[in-house]
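Numbered according to the numbering used here, the sequence shown spans residues 298 to 702.
Below you'll find the structure, written out as structure tokens, and then a few comments.
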Amino acid sequence: MIEDNFILREPLLDPKQRVIGFQFSWLQKDPNADVSVAELDHLLEFVAGHLTNDDEEYLLGNSLIFIEAAPELLVAEGLRLFPADKTVLILHKKHFAVEGALDAVKQLRALGFGICLRGAEITTLERSFFAHVTHIEVKLNASNFASQAKVYGSLKQSSVKMVARNVSTWQDFDACSALGLDSFVGKLHLTPRPSSGPKALNSSQTTILQLMEMVRKNADIQQLEMVVKRDPTLAYKLLRYINSAGFGLRTEIQSLKHAVQMLGYSPLYRWLTVLLATASTSGYSPVLLETAIVRGRFAEILGQMKMSKAEAENLFVAGMFSLLDRLLGLPMEEVLSSIQLPEVVTEALISRGGVYGPFLALAEACELNSALVGSLAESVKISAEDVNSAHLAALVWSKNVVVAA
298 MIEDNFILRE PLLDPKQRVI GFQFSWLQKD PNADVSVAEL DHLLEFVAGH LTNDDEEYLL
358 GNSLIFIEAA PELLVAEGLR LFPADKTVLI LHKKHFAVEG ALDAVKQLRA LGFGICLRGA
418 EITTLERSFF AHVTHIEVKL NASNFASQAK VYGSLKQSSV KMVARNVSTW QDFDACSALG
478 LDSFVGKLHL TPRPSSGPKA LNSSQTTILQ LMEMVRKNAD IQQLEMVVKR DPTLAYKLLR
538 YINSAGFGLR TEIQSLKHAV QMLGYSPLYR WLTVLLATAS TSGYSPVLLE TAIVRGRFAE
598 ILGQMKMSKA EAENLFVAGM FSLLDRLLGL PMEEVLSSIQ LPEVVTEALI SRGGVYGPFL
658 ALAEACELNS ALVGSLAESV KISAEDVNSA HLAALVWSKN VVVAA
């Protein structure tokens, strides 16, 4: 089944825009095809195998996993490979009536799995469901907000947590947060919050851009160190990133000079890109940063299958820069005018064209639930299984980097 399905994800956010988990769904090449329990088992084993190590240690830290489920999935043995306390199954209200589904739900709840109820009318909730679910999916109805607010208030007193879908504006996000909703799923984080005025690069960002240009030109390490000394916190943060498990180094890097000696200039450039994204002093978005890191690493791993290491590292930079305008609160044209990037990277950023464009577009499509995932994978001649492996590996890798942020 993994050969015919693409794993799609959406971030699960708390009211402070921090990523507390991911919702996974499957994009089938044939959406009308029936899926057997054996095929679901194979898919679940594949995902669990990438999210745990040989010691069965869960590699996404405290992140929750929400999985869209049907009655067939509830009895799949592969589900038992997931950490029960971190796994929540999304089940539509109508599926509770399927023979055997309620018994399966009870068994899973006894093991510690969470159940998220979908499709229930928020203003007329059947309390009988509450004994079997840990979460309930709600959709904001702006025209009936007052009635919903009362229900939110009553639910807040129960043990059932509310997950909001399709919150379309930051005003609605803030209203739902104030009413006590626990988490949010959707793509609102890709929409910048309304700005109160024009923004400009701060002093730290200006210094980082200068360092990036110097690294690109292979400037002498002593010159780099002189620039870093202007902002002592930059060196500290940079070394934290480099020493994060994202690089898997056996020797701790002690200085900028040590980093260049051990890694060379190209990896240093990529970490400066991450550092630039975190140096914002206004409108900082944890979810946007994590999305950029995953996108960059995802595109890089895809590129490693088809091109040289140096070219694949350029894809990481392209992935980071693809969200840098939103992270910095500046137009993409202004961001690109601040630093000289390879023409192929710029082409990928502007039009998703050139050599790198399809790889970046493919990584992007898997976070946008785009139906173009299959055709994009075919265009770069990468199988669904390899795309899924790269996607899950990028999620695990990014968690180590985000911890260092």
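For every residue, glycine included, the Cβ atom is placed at its ideal position computed from N, Cα and C.
Can you grab the Cα-Cα spacing for the pair residue i / residue j, in whole Å?
i	j	result
Leu487	Leu627	14 Å
Gly483	Pro308	7 Å
Ala461	Lys696	24 Å
Leu536	Val344	32 Å
Glu434	Lys326	27 Å
Val642	Ala607	13 Å
Arg649	Ser444	44 Å
Trp694	His389	32 Å
Ala615	Gly593	7 Å
Val584	Glu342	27 Å
Val670	Cys663	7 Å
Thr431	Ala373	20 Å
Ala532	Arg406	47 Å
Using a 10 Å radius around the Cβ and a threshold of 16 neighbouring Cβ atoms, would you call residue i buried or exposed?
i	result
Arg547	exposed
Arg623	buried
Ile647	exposed
Asp338	buried
Gly450	exposed
Leu408	exposed
Asp352	exposed
Ser456	exposed
Gln454	exposed
Glu418	exposed
Glu661	buried
Ala335	exposed
Lys314	With the sequence shown as reference, residue 314 is identified as Gln, and Lys is not the correct amino acid for it. By the 10 Å Cβ count, Gln314 comes out buried.
Can you check DSSP and say which residues form a bridge with residue i?
i	result
Tyr355	Thr349
Pro380	Partner(s): none; Pro380 has no beta bridge.
Pro308	Phe319
Ile362	Phe319, Thr384
Gln325	Asn302
Val482	Leu309, Arg462
His389	Arg415
Considering just the uninterrupted stretch of the beta strand (DSSP E) at residue i, what are its terminal residues?
i	result
Gly651	No beta strand (DSSP E) holds Gly651; DSSP gives it neither H nor E.
Leu414	411-415
Arg527	Here Arg527 belongs to no beta strand (DSSP E), and DSSP marks it neither H nor E.
Provide the residue span of the alpha helix (DSSP H) that contains residue i, from first to last.
i	result
Lys436	Counting along the chain, Lys436 falls outside any alpha helix (DSSP H), though it belongs to the beta strand (DSSP E) covering 432-436.
Arg623	621-625
Phe427	Segment: none, Phe427 is in no alpha helix (DSSP H) and carries neither H nor E.
Asn611	606-618
Arg406	398-408
Leu599	583-601
Arg567	562-575
Assuming residue i and residue j form a contact by the criterion Cβ under 8 Å, report the distance between their Cβ atoms to the nearest whole angstrom.
i	j	result
Ile505	Leu573	5 Å
Pro312	Ser577	20 Å between Cβ atoms; not a contact.
Val557	Leu565	6 Å
Val385	Glu587	19 Å between Cβ atoms; not a contact.
Against chain C, with Cβ distances strictly below 7 Å, would residue i count as a contact?
i	result
Cys413	The chain inventory of the structure shown lacks chain C, comprising one protein chain alone.
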